[in-house]
Ligand SMILES: C[S@@+](CC[C@H](N)C(=O)[O-])C[C@H]1O[C@@H](n2cnc3c(N)ncnc32)[C@H](O)[C@@H]1O
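This is the structure in structure tokens:
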């Protein structure tokens, strides 16, 4: 069985010790299909200080956010997940050259990693910046934000944990707003998103304003390559934070 590792890609080809290896994230046991708990592996153990707060960036691209955020917060561990091999290698090499011991890179589909491998309540923040918009209707299923993704994000975040989202894409933002409305309403989303979230009376997430990191320039939210590009093209960002209730 190979699901959860992302399209059969290899994990043992990363530069230095930055890339998560196949030894650290072994293939799923067959029994995991009937008992997902057997597939879980605690990613905090991949870091020098496993007790440090743990955050994930989905779609790290060239790694600009990770480099700045991890350098500013050496006491926090960051896992960058990137499914495009060339960007994964590029970002991992940048991390290695900066000697950032609090950053690891994983070459896989982040949604599958959360669904199959990540244990409950271990993540403090999930960062999702300038996610691919997949504008054609038949490709909407490829967008990261889905009800089933939000169910898994809710499961893996610790109480008070945050999903931080920024995008310049107007139509993707409308899609996010539609999904976020379901997950921030009283009573929760009501049965959508699979069975990861039991029905409750209060909202599963509370929405807050996005606050730019202190290292960002005055006119930036997160200063990634995509943010610089889209701002230069006159497309301002939309952003928000969903806090696990
Ligand atoms: C538009 S780029 C933005 C990159 C970076 N966050 C930035 O702001 O410059 C989106 C990135 O997310 C990656 N990506 C999209 N879906 C992904 C997924 N499910 N798992 C991991 N990476 C993903 C793409 O390969 C791409 O590098």
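Numbering (the numbering used here), first residue to last: 2 to 246.
Note that beta-carbon positions come from the ideal geometry of N, C-alpha and C, so glycine has one too.
State the DSSP-derived secondary structure class of residue i, mapped to helix, strand or coil.
| i | result |
| --- | --- |
| residue 155 | helix |
| residue 177 | helix |
| residue 143 | helix |
| residue 183 | helix |
| residue 44 | helix |
| residue 6 | Caution applies to residue 6, whose pLDDT of 37 falls short of 50 and renders its modelled position unreliable; the model cannot decide the point. |
| residue 39 | helix |
| residue 67 | helix |
| residue 96 | helix |
| residue 236 | coil |
| residue 18 | coil |
| residue 231 | helix |
With distances taken between CB atoms, is the gap from residue i to residue j smaller than 7 Å?
| i | j | result |
| --- | --- | --- |
| residue 53 | residue 77 | yes |
| residue 127 | residue 154 | yes |
| residue 229 | residue 158 | no |
| residue 122 | residue 82 | no |
| residue 68 | residue 95 | yes |
| residue 107 | residue 151 | no |
| residue 19 | residue 98 | no |
| residue 124 | residue 240 | no |
| residue 206 | residue 184 | yes |
| residue 102 | residue 49 | yes |
| residue 47 | residue 105 | yes |
| residue 131 | residue 227 | yes |
| residue 165 | residue 242 | yes |
Is residue i near ligand 1, with its Cβ less than 6 Å from a heavy atom?
| i | result |
| --- | --- |
| residue 38 | no |
| residue 84 | yes |
| residue 110 | yes |
| residue 150 | no |
| residue 239 | no |
| residue 94 | no |
| residue 211 | no |
| residue 133 | yes |
| residue 224 | no |
| residue 20 | no |
| residue 88 | yes |
| residue 130 | yes |
| residue 60 | yes |
| residue 79 | no |
| residue 91 | no |
Quick one: is residue i buried, meaning 16 or more other Cβ sit within 10 Å of its Cβ, or exposed?
| i | result |
| --- | --- |
| residue 234 | exposed |
| residue 169 | buried |
| residue 117 | buried |
| residue 190 | buried |
| residue 71 | buried |
Beta-carbon of residue i versus every beta-carbon of chain D: anything under 7 Å?
| i | result |
| --- | --- |
| residue 239 | No chain D is part of this structure, which consists of one protein chain only. |
Residue i bridges to which residues according to DSSP?
| i | result |
| --- | --- |
| residue 57 | 80, 127 |
| residue 206 | 245 |
| residue 104 | 79 |
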